[in-house]
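Heads up: the structure comes next, in structure tokens.
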Amino acid sequence: MKKARSVAPALHELDIPVWCHSHCTKMSVIQSSNESVLLCTHLDIKNCAVWVRIDKFPGQNLFCLEYKLTHGLENWATGKIVFSRETLRLAFAIDGFCSEHNQWILSEFGGDAAVPGKFIRWKDYVNFPGPGTGHSGDANVSVKIRPEMAEAIRRFTN
């Protein structure tokens with residue numbers, strides 16, 4: 007399988023891709039596991055308006071990323087995305103490479119790696135499930151991948 011070519015995206019004034027919300031820098035890892043949950047363990051990433059939970063199911067190579075964005079008292083967006091171990095690690099820039107079959111999304115929006123319907127990433131900025139406008143009200147989650155977050159995901163997916 008051939009590797010996709012990285013394409014630099016258009017950037018905000020803060021060197022953040024235009025498809026990424028600037029509040030991505032406020033995301034942090036809250037919980038690395040929960041031993042009391044019998045069927046799965048999880049990892050939480052959140053800020054004041056966004057909650058992301060990644061569930062791992064024992065004995066399977068699958069993870070479910072669930073998110074909720076609060077846009078106000080009466081408006082929110084939710085979603086669930088199933089990832090293989092390899093795709094989740096690629097999303098968080100831990101290892102792997104993007105297939106040339108996904109070059110079209112990188113060419114259109116810019117990025118280092120993407121899987122349509124799951125994520126788009128450029129350097130340490132990732133959006134789930136894909137690119138957005140970079141403004142409030144989008145139904146996608148923007149995360150700046152900090153070293154401690156990447157390490158938590160690496161340990162969680164081992």
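Using the numbering used here, the first residue of the sequence shown is number 7, and each one after it goes up by one. Backbone N, C-alpha and C fix where the C-beta goes; we use that ideal spot for every residue, glycine too. None of these values were measured; they are calculated from a predicted model.
What's the gap between the Cα of Lys52 and the Cα of Met7? 35 Å
Under 8 Å: do the segment 145–162 and the segment 61–80 share three or more Cβ pairs, one atom per stretch? yes
How big is the Cα-Cα spacing for Ser105 and Ala99? In this structure, the straight-line span from the alpha carbon of Ser105 to that of Ala99 is close to 14 Å.
Out of Ser142, Glu157, Arg152 and Asp130, which has the shortest C-alpha to C-alpha gap to Cys23? The question names Cys, but residue 23 is Pro in the sequence shown. Its Cα nearest to that of Pro23, the residue Asp130 stands out among Ser142, Glu157, Arg152 and Asp130.
Are the segment 122–142 and the segment 73–88 in contact at 8 Å, needing three or more beta carbon pairs? yes
Would you call Asn164 buried or exposed, if buried means 16 or more other Cβ atoms sit within 10 Å of its Cβ? Exposed is the call here.
Need the endpoints of the beta strand (DSSP E) that Cys71 sits in, please. Residue 71 is actually Leu in this sequence, not Cys. Start and end: Leu68 to Thr76.
Whole-number beta carbon distance between Ala55 and Leu75, since they are thought to touch under 8 Å: 6 Å
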